[in-house]
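These protein sequence lines map, in sequence, to chains A and B. Number 111 in our numbering belongs to position 111 of the first sequence; there are no gaps in the numbering. Number 1304 in our numbering belongs to position 304 of the second sequence; there are no gaps in the numbering. Quick reminder that beta carbons are idealized off the backbone N, C-alpha and C, glycines included. These notes concern the structure reproduced below.
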Amino acid sequence: MDTAIRFLLWFDIVVLIYFVALNGTYLTTTILSFGALRRYAGRMKSLNVNELIATGGAPPVTLIVPAFDEEETVVAAIRALLSLNYPQYEVLVCNDGSTDGTLERLIETFHLEAVEQEPATELATESIRGVYGSRRFPKLRVLDKENGGKADALNAGINHTRTPLYCALDADTLLERDALIRVVRPFLEDETTVAAGGIIRIANGCLVEGGQVVEVRLPRETLPRFQVVEYMRAFLSGRMAWNRFGGNLIVSGAFGIFRRSVVVGIGGYSTDTVGEDMDLVVRLHRHCRREKIPYQIGFVPDPVAWTECPTTLRVLGRQRDRWQRGLIQSLMRQRGMLLNPRYGAVGFVSFPFFFLLEMLGPVVEMIGYAAFILTLFLGLYSPAYVMGFLAVAIALGVVLSVAAVGLEELTFRRYPKASDLARLFGLAVLENFGYRQLNTWWRFRGTISALIRYRGWGRMERKGFDEVARTSPGRELIAASNTR
Amino acid sequence: MLGLQTFAEMSGGERVLIALVIAVFVLLVLAVGFSTYAVWLRYRNERRAEHRSALERLWTPLIFGCMEGRFPHAAVWEQVDRADELHFIRVVMRYAERLKGESLETLRALVAPFLDGLVDRLPRSQMEDRALIIQVLGTLGIDEHRETVLRGLDDPSPLVSMVAARAMARYGGAHHAKPVLDRLNRYSTWSRGYLAAMLASMGPEAAPMLRAVYGDAAAQPWIRAVAADALRWLNDLPALLVARDALRDSDDREVVAQSLRLIARVGDPEDVELVLPRLRSDDPVIRGAAIQALGELGTAQHGDVARAALDDDSSWVTFHAAHALGALGRTDVLGELAGSRHPRAVLARQVLRELEA
Chain A
1 MDTAIRFLLW FDIVVLIYFV ALNGTYLTTT ILSFGALRRY AGRMKSLNVN ELIATGGAPP
61 VTLIVPAFDE EETVVAAIRA LLSLNYPQYE VLVCNDGSTD GTLERLIETF HLEAVEQEPA
121 TELATESIRG VYGSRRFPKL RVLDKENGGK ADALNAGINH TRTPLYCALD ADTLLERDAL
181 IRVVRPFLED ETTVAAGGII RIANGCLVEG GQVVEVRLPR ETLPRFQVVE YMRAFLSGRM
241 AWNRFGGNLI VSGAFGIFRR SVVVGIGGYS TDTVGEDMDL VVRLHRHCRR EKIPYQIGFV
301 PDPVAWTECP TTLRVLGRQR DRWQRGLIQS LMRQRGMLLN PRYGAVGFVS FPFFFLLEML
361 GPVVEMIGYA AFILTLFLGL YSPAYVMGFL AVAIALGVVL SVAAVGLEEL TFRRYPKASD
421 LARLFGLAVL ENFGYRQLNT WWRFRGTISA LIRYRGWGRM ERKGFDEVAR TSPGRELIAA
481 SNTR
Chain B
1001 MLGLQTFAEM SGGERVLIAL VIAVFVLLVL AVGFSTYAVW LRYRNERRAE HRSALERLWT
1061 PLIFGCMEGR FPHAAVWEQV DRADELHFIR VVMRYAERLK GESLETLRAL VAPFLDGLVD
1121 RLPRSQMEDR ALIIQVLGTL GIDEHRETVL RGLDDPSPLV SMVAARAMAR YGGAHHAKPV
1181 LDRLNRYSTW SRGYLAAMLA SMGPEAAPML RAVYGDAAAQ PWIRAVAADA LRWLNDLPAL
1241 LVARDALRDS DDREVVAQSL RLIARVGDPE DVELVLPRLR SDDPVIRGAA IQALGELGTA
1301 QHGDVARAAL DDDSSWVTFH AAHALGALGR TDVLGELAGS RHPRAVLARQ VLRELEA
């Protein structure tokens, strides 16, 4: 019994050290991000996006859009993608064996006809059923294939891409008109750039017209509102800081741009993981450092992609569960990078952070909750001590979220209403009383799933932007634009 | 002292509790601090935005009136307070970047009195502000502040230097090509295609200087290649002579590939003899550029050569070879392949369809 109690007490200390390390890192990245974003905002004043286009030389880009059962949103999304502000690009939709009318909607709306196209590369994929092109929309092609998952669809898209860069997009992503020219900028400024990602924002509640977000609003429901704050933290406080020393391990699968030849060189996306986006970026780091190829993987905070986030606990839980499984798969496969001097700052800083803290964090946290409750029950610590520790944990969470809102206010200020700012502060406090703990539980569940090697995408119940538009009276409906 | 003594007399648990309370207090102060900062930023930015919107509503009709000749410049200047000069310049910049000719000159005259103030700010400005000032001077005051913008090329910051180079290229004219070309090695990390497009934007008058760089065997190969690409953008016929020499004398991949592309654009049918040997290069990039050039310059008689390139290992070479057959008028070869079991049958059908369209 004494041994058990001593073990419990020591475990509490481990949890405490873990807590300090994890949140200390979050606080450090937040502070670093302030400086980085201020400098970036200053830099943007001297950058004229339209001038970049006018000068010419912007490399051609293929937007690869994997689509599975996206009947509700695909037409609106593709229409918007066909009107981006970029000199040379094409849109390649990869219909990944949809069981609904995704392909039929595309064929009918965009006057597609079957064409022949020889692939440029031969990454292994499920078989291609057909390629479609449109004389009326020459920038658009559709690849129809047997179902193989998102990574497989991306590989098929890469095979049918001949541009030097490709941009991986989710089918429900709405890109701002100049998002592409902004996210391509790192490739213009530095030829060694192999990947870059932009910022993902929550479209729920926003007014969408013709596939463009014309008015930014906070979602009406609480769950998506929490995710707004969460995304601010992840992108503005997190990725901006990692970007400073080239330690970003994630380029979001919803909006990321890559140098095609390098991705082909490492064999494309892995199809046996649910976190194919992170897996690709980690492999890019490993490949380039191992082969001593000068490279940059960047995060650009101003090009924006809007996406719909889950509105129910069930779907959100499945998403977070999957993200954690993807994280674990990506990191475990490349665990040779951990604290390996061959991989420089990535091996010594960002990889250990993600491996030891982000990956194991939910487990330590959940067991820590249990351990603390047990120590309280056994009377080993006073309730005052436990409450004090909880208060520090909550206060730290509040600081990090409030700081993220501050970063948003410093730079992009996308939420124009003062009431939205007040709500964001309120959410920054409230999310620490239940939402964060739920996230920890879902990530813990994802960790257990990864251990027993469950693979599954889960199902995203997508309302569709049509419904968003219908809730905004007096405005053009996406449905109306679909029938033009 | 009394506090420290009391702290020293406390038990371990009590000390931890005090530390926790202090930590909570510090964190709450931080949270309040961040939120106060954010609220202050919001208040400041909204006030600033309202003020600027009001100014723009005031200035815009005056600026357009000036451009139309209805108002004198003084009518606009009277409405610009000293504190708002930089914002006025930014508003004018927005229009200036889309205009040329007389309209642009009118706008330049409008902001001329305010630009000296910007020059004075340069030495004590941060990198991003220096870049903005250089951009403004380049767009709106290139004639009067040429030297300042030129000095920007040598700024320690690569960003400022590139902004100066872009300004020179876009607004300075061809006589600024040499200072930019002399400093091209500062931009070695930039995209080659972007640099070439930037140099080409200087116009045909810059071609002689570009040819000189392109033809300089002592210059870095990547700089020669960028110059060649810029000459291709300009469709510069005299560059053909330089390209022929470069093909004969150089083995550098970038120089050879860009020379082939240039020859494809401005070359003569007799240049096919220079192109053909490059089809046997070990480098697929060079083979691809060569087959493209053959498609542009060759005749139907070269169909067999293009047909042979369809068996190349590189999908890029075969892609260009199929298009070359179309360009050479050898759709018969494509048609034969299209109906066969050749590995490139799909490619042949693809190119035939593109030709029909």
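Test: residue i CB closer than 8 angstroms to a CB of chain A
i: A1206 (chain B); result: no
i: T1189 (chain B); result: yes
i: E1128 (chain B); result: yes
i: S1250 (chain B); result: no
i: S1315 (chain B); result: yes
i: V1285 (chain B); result: no
i: R1377 (chain B); result: Residue 1377 (chain B) is absent from the structure shown; chain B starts at 1001 and stops at 1357.
i: L1347 (chain B); result: yes
i: A1228 (chain B); result: no
i: N1185 (chain B); result: no
i: R1224 (chain B); result: no
Sequence-distant residues of its chain with Cβ nearer than 8 angstroms to residue i (five each side left out)
i: A1167 (chain B); result: I1134, Q1135, L1137, G1138, T1139, I1142, V1149 and G1152
i: L1279 (chain B); result: R1287, A1290, I1291, L1294, V1305 and A1309
i: N243 (chain A); result: A36, G298 and F299
i: D1129 (chain B); result: R1121
i: I13 (chain A); result: none
Residue i CB to nearest heavy atom of the ligand FMN below 7 angstroms
i: P1238 (chain B); result: Looking for the ligand FMN in the displayed structure turns up nothing, as the structure carries no ligands at all.
Residue i vs residue j beta-carbon contact at 8 angstroms
i: G157 (chain A); j: R325 (chain A); result: no
i: T62 (chain A); j: T173 (chain A); result: no
i: A1217 (chain B); j: R1192 (chain B); result: no
i: A1264 (chain B); j: V1255 (chain B); result: no
i: I257 (chain A); j: V184 (chain A); result: yes
i: S1125 (chain B); j: R1170 (chain B); result: no
i: P547 (chain A); j: I199 (chain A); result: What is shown of chain A runs 1 to 484, which leaves residue 547 (chain A) out entirely.
i: G1013 (chain B); j: S382 (chain A); result: yes
i: L112 (chain A); j: S127 (chain A); result: no
i: Y1187 (chain B); j: L188 (chain A); result: no
i: P362 (chain A); j: R443 (chain A); result: yes
Short CB-CB distance (under 8 angstroms) between residue i and chain B
i: R43 (chain A); result: yes
i: L421 (chain A); result: yes
i: S382 (chain A); result: yes
i: F7 (chain A); result: no
i: P301 (chain A); result: no
i: P66 (chain A); result: no
i: R135 (chain A); result: yes
i: E215 (chain A); result: no
i: G406 (chain A); result: yes
i: A195 (chain A); result: no
Same chain, Cβ closer than 7 angstroms to residue i, neighbours up to 5 away in sequence not counted
i: G1326 (chain B); result: L1334, V1351 and L1355
i: P294 (chain A); result: T192
i: R462 (chain A); result: The predicted model places R462 (chain A) with a pLDDT of 43, which falls under 50 and marks its position as unreliable; any figure quoted below should be read in that light. E72, T73, D172 and E308.
i: R1108 (chain B); result: L1140 and G1141
Same chain, Cβ closer than 6 angstroms to residue i, neighbours up to 5 away in sequence not counted
i: A1243 (chain B); result: S1259, L1262 and I1263
i: H1320 (chain B); result: G1288, I1291 and Q1292
i: Q296 (chain A); result: D190, T192 and T193
Any C-beta of chain D under 8 angstroms from that of residue i
i: D12 (chain A); result: Of the protein chains in this structure, namely A and B, none is chain D.
Closer than 7 angstroms between beta carbons: that is the criterion. Which residues of the stretch 384 to 399 of chain A meet it against chain B? Listed by position along the chain: A384, Y385, G388, F389, A391, V392, A395, L396, V398 and V399.
Is the stretch 305 to 315 of chain A close to the stretch 210 to 229 of chain A, with three or more CB pairs under 8 angstroms? Under the Cβ criterion (8 angstroms, minimum of three pairs), the stretch 305 to 315 of chain A counts as touching the stretch 210 to 229 of chain A.
Would you call the stretch 1067 to 1077 of chain B and the stretch 427 to 440 of chain A in contact, with 3 or more CB pairs under 8 angstroms? Taking a contact to require three or more Cβ pairs closer than 8 angstroms, the stretch 1067 to 1077 of chain B and the stretch 427 to 440 of chain A do not qualify as touching.
Could you please tell me which residues of the stretch 106 to 124 of chain A, in chain order, have their CB closer than 9 angstroms to any CB of chain B? So the list reads V115, E116, Q117, E118, P119, A120, T121 and E122, given in the order they occur along the chain.
Segment contact flag, the stretch 138 to 146 of chain A with the stretch 246 to 262 of chain A, C-beta cutoff 8 angstroms, min 3 pairs: Flag = no, the stretch 138 to 146 of chain A and the stretch 246 to 262 of chain A do not touch.
Given a limit of 8 angstroms on CB to CB distance, which residues of the stretch 1021 to 1041 of chain B reach chain A? Correct list: V1021, A1023, V1024, L1027, L1028, L1030, A1031, F1034, S1035, Y1037, A1038, V1039 and L1041.
Taking beta-carbon pairs under 7 angstroms, can you tell me which members of the stretch 1007 to 1021 of chain B lie near chain A? Flagged, chain order: G1013, V1016, L1017, L1020 and V1021.
Taking any Cβ of chain A, which residues in the stretch 1154 to 1170 of chain B have a Cβ under 9 angstroms from it, in chain order? Closer than 9 angstroms at the C-beta level to chain A, one finds these residues of the stretch 1154 to 1170 of chain B: P1158, L1159, V1160, M1162, V1163, R1166, A1169 and R1170.
Given 8 angstroms as the limit, is there contact between the stretch 259 to 271 of chain A and the stretch 365 to 378 of chain A, that is, 3 or more CB pairs closer than that? Of all C-beta pairs linking the stretch 259 to 271 of chain A to the stretch 365 to 378 of chain A, fewer than three are shorter than 8 angstroms, placing the two stretches out of contact.
So if I threshold CB-CB distances at 7 angstroms, which residues from the stretch 1121 to 1145 of chain B count as touching chain A? Correct list: Q1126, E1128, D1129, A1131, L1132 and Q1135.
Count the CB pairs spanning the stretch 1174 to 1193 of chain B and the stretch 1204 to 1218 of chain B that are closer than 8 angstroms, and state whether there are at least three. Touching, yes.
Is it the case that the stretch 113 to 127 of chain A contacts the stretch 77 to 93 of chain A, given that we only count it when at least three CB pairs across the two stretches are under 8 angstroms? They do not touch, by the three-pair rule.
The stretch 1044 to 1064 of chain B in contact with the stretch 1017 to 1031 of chain B per 3-pair CB rule at 8 angstroms: The answer is no - the stretch 1017 to 1031 of chain B does not touch the stretch 1044 to 1064 of chain B, with fewer than three Cβ pairs under 8 angstroms.
Does the stretch 1208 to 1216 of chain B come close enough to the stretch 1229 to 1237 of chain B that 3 or more CB-CB pairs lie under 8 angstroms? Proximity of the stretch 1229 to 1237 of chain B to the stretch 1208 to 1216 of chain B meets the contact definition, three or more beta-carbon pairs being nearer than 8 angstroms.
Counting Cβ pairs closer than 8 angstroms, one from the stretch 227 to 246 of chain A and one from the stretch 395 to 403 of chain A, do we hit at least three? Counting Cβ pairs under 8 angstroms, three or more are found: they touch.
Proximal residues, the stretch 59 to 83 of chain A versus chain B, C-beta separation under 9 angstroms: The residues in question are P59.
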